[in-house]
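A.B. asks: One structure, as C-alpha cells, below. Some questions next.
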Amino acid sequence: MLPDVGRALKYLWHDKGIRAAVARGYEYELNDSAIYYFENMDRICSLMFIPTPRDVLRARVRTTSVIETCFQMKGCLIRLFDVGGQRSERRKWITCFDDVKSVLFVLALSAYDMCLLEDANVNRLQESLKLFRGICNNRFFYKSSMILFLNKLDLFQDKIRFSGRHLRYFFPDYTGPDKDVDSAARYIQQLFQQQNSLPGKVIYPHFTTATDTSNIQVVFQVVMDTILRENLRQASIL
Numbered sequence: 006m007l008p009d010v011g012r013a014l015k016y017l018w019h020d021k022g023i024r025a026a027v028a029r030g031y032e033y034e035l036n037d038s039a040i041y042y043f044e045n046m047d048r049i050c051s052l053m054f055i056p057t058p059r060d061v062l063r064a065r066v067r068t069t070s071v072i073e074t075c076f077q078m079k080g081c082l083i084r085l086f087d088v089g090g091q092r093s094e095r096r097k098w099i100t101c102f103d104d105v106k107s108v109l110f111v112l113a114l115s116a117y118d119m120c121l122l123e124d125a126n127v128n129r130l131q132e133s134l135k136l137f138r139g140i141c142n143n144r145f146f147y148k149s150s151m152i153l154f155l156n157k158l159d160l161f162q163d164k165i166r167f168s169g170r171h172l173r174y175f176f177p178d179y180t181g182p183d184k185d186v187d188s189a190a191r192y193i194q195q196l197f198q199q200q201n202s203l204p205g206k207v208i209y210p211h212f213t214t215a216t217d218t219s220n221i222q223v224v225f226q227v228v229m230d231t232i233l234r235e236n237l238r239q240a241s242i243l
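Here this note's numbering is used: position 180 in the sequence shown is 185, and no number is missing along the way.
Following this line, the structure appears as C-alpha cells:
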C-alpha cells in the first residue's frame with residue numbers, strides 16, 4: 006500500500022464521524038470486514054506487512070463467473086463449483102449443471118434487515134429465499150442433496166442482541182423473543198426448509214461463521230461426509 010494512502014486511511018479512522026458511521030454499517034452496504042481492516046491499519050500499512058491467514062479470510066472478491074476447484078478426499082475426487090448469487094450472475098450458471106450430486110447454498114443470516122444492491126425495494130433475505138426455492142425445486146437438481154449454510158452467525162448474534170433492528174420488523178410472522186439469537190436463527194432455518202416442495206428431498210442445515218476456522222473445519226468435515234454418503238446411497242451401495 007502506498008504510504009500516502011495508508012496515512013490517509015489512518016487519519017480517516019481517527020475521525021469520530023467516520024467511527025460513528027462505521028458502527029451503523031448494518032444500515033447500508035458496508036463490507037463486513039471494514040472494522041477489522043481499519044483496526045489493523047498500522048500493521049497492514051507497514052512496509053514489512055505479510056498477510057496472515059485471518060487477513061486472507063477477511064478478504065472478499067465478488068464472484069462474477071463459475072470457478073471450479075478440484076481436490077481429493079477419502080479417495081474421491083471432489084469438484085467444487087463456486088458461482089455468483091447476484092441476479093446478473095444467475096443466468097450464467099442456473100442451466101449449466103446436470104448430474105450435480107450436492108448443492109451447497111450459502112446465505113447470510115445477518116442480511117435479514119438489508120436490501121439488494123440491484124433493487125433497494127427488495128429484502129436480501131427474501132431474495133435468498135426466492136433463489137433457494139428456485140434451486141431446491143429445479144429439475145436440474147432434482148436428485149441433488151441440498152446443504153444449507155446459514156452463514157455470518159457472529160454478525161447475526163451482534164445484530165439481534167444489540168442493534169435494535171429486531172427480526173419481527175422485517176419478518177412480521179416471527180413471534181419469538183426479540184433478543185433470542187437461537188429462536189431467531191431457527192426461524193430463518195425453518196423458512197428455508199419450507200421452500201422445499203419435493204417429497205423425500207432432505208435439506209441439511211448448518212450454522213456457520215466463515216471466518217472461524219475451527220467452526221468451518223468441523224462443518225466442512227460433516228458436509229463432506231454427507232456428500233460421500235449421499236453418493237453411495239444414490240449408487241445403491243448404502
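Just so it is clear, CB atoms sit at the ideal spot from N, CA and C, and this is done for glycine as well.
(1) How big is the Cα-Cα spacing for D252 and S38?
(2) Since A113 is in the beta strand (DSSP E), which residue starts that stretch and which ends it?
(3) If you reduce the DSSP assignment to three classes, tell me which class P210 lands in.
(4) Out of I40, G22, M46, which one is the CA nearest neighbour of D9?
(5) Determine which residues share a DSSP beta bridge with T74 and list them.
(6) Mind checking whether F154 and V111 have CB atoms under 7 angstroms apart?
(7) Tell me the DSSP secondary structure of I55 in three-state form.
(8) What residues are listed by DSSP as bridge partners for I152?
(9) Give the range of the alpha helix (DSSP H) segment to which V200 is assigned.
(10) In the DSSP assignment, what are the bridge partners of N244?
(11) What residue from I55, T231, P210 has the CA that sits closest to R191's CA?
(12) Measure the CB-CB distance between Q194 and R138 and report whether it falls below 7 angstroms.
(13) Return the residue from the list V186, I23, L134 that minimises the CA-CA distance to R166.
(14) State the Cα-Cα distance for the pair M151 and I232, rounded to the nearest angstrom.
(15) Short check: CB of L121 to CB of K157, under 7 angstroms?
(16) From A64, R12, D159, R84, pick the residue whose C-alpha is nearest to that of E73; which is it?
(17) Taking 6 angstroms as the line, does the beta carbon of R191 fall inside it for any heavy atom of the ligand HEM?
(18) Which same chain residues, not among the five before or five after C50, have their C-beta less than 6 angstroms away from its C-beta?
(19) When the Cα atoms are used, what is the spatial distance from F161 to Y174?
C.D. replies: If we stick to the structure as given:
(1) What is shown of the chain runs 6 to 243, which leaves residue 252 out entirely.
(2) By 1-based counting over the sequence shown, the position of residue 113 is 108. First-last of the beta strand (DSSP E) with A113: 107-113.
(3) In the sequence shown, the residue the question calls residue 210 occupies position 205. Secondary structure of P210 (DSSP, three-state): strand.
(4) Residue 9 sits at position 4 when you count from the first residue of the sequence shown. Put simply, of I40, G22, M46 the residue whose alpha carbon is nearest the alpha carbon of D9 is M46.
(5) Sequence index remark: in the sequence shown, residue 74 carries index 69 (1-based). Note: T74 sits in a beta bridge opposite L85.
(6) Counted from its first residue, the sequence shown places residue 154 at position 149. Counted from its first residue, the sequence shown places residue 111 at position 106. It is a contact, given that the beta carbons lie within the stated cut-off.
(7) For the purposes of this step, residue 55 is identified with residue 50 of the sequence shown, where counting begins at 1. The three-state reading of DSSP puts I55 in coil, since its state is none of H, G, I, E or B.
(8) Residue mapping note: residue 152 aligns to position 147 of the sequence shown, counting from 1. Among the bridge pairs identified by DSSP, I152 is matched with L109, Y209.
(9) Indexing the sequence shown from 1 puts residue 200 at position 195. Sequence check: residue 200 is Gln here, not Val. Premise fails: Q200 is in no alpha helix (DSSP H) and is neither H nor E.
(10) No information on residue 244 is available, as it lies outside the stretch 6 to 243 that the chain covers here.
(11) Within the sequence shown, residue 191 is the residue found at index 186, counting from 1. For the residues I55, T231, P210, the minimum Cα distance to R191 belongs to P210.
(12) Position 189 of the sequence shown, counted from the first residue, corresponds to residue 194. Position 133 of the sequence shown, counted from the first residue, corresponds to residue 138. Not in contact: Q194 and R138 (Cβ atoms no closer than 7 angstroms).
(13) Along the sequence shown, one-based indexing puts residue 166 at 161. With distances taken between Cα atoms, R166 lies closest to V186.
(14) As a first step, residue 151 is located in the sequence shown; it is residue number 146 there, counting from the start. As a first step, residue 232 is located in the sequence shown; it is residue number 227 there, counting from the start. Those two C-alpha atoms are separated by around 10 angstroms.
(15) Your numbering for residue 121 matches position 116 in the sequence shown. Your numbering for residue 157 matches position 152 in the sequence shown. The answer is no: Cβ separation not under 7 angstroms.
(16) The residue given as residue 73 occupies position 68 in the sequence shown. Taking each of A64, R12, D159, R84 in turn and checking the Cα distance to E73, the smallest one comes out for R84.
(17) As for the ligand HEM, it is missing from this structure, which has no ligand bound.
(18) Taking the sequence shown and counting its residues from 1, one reaches residue 50 at position 45. Spatial neighbours of C50 in its own chain (CB-CB distance under 6 angstroms, excluding positions within 5 residues in sequence) are listed in chain order as M6, G11.
(19) Position 156 of the sequence shown, counted from the first residue, corresponds to residue 161. Position 169 of the sequence shown, counted from the first residue, corresponds to residue 174. The straight-line gap from Cα to Cα measures roughly 15 angstroms.
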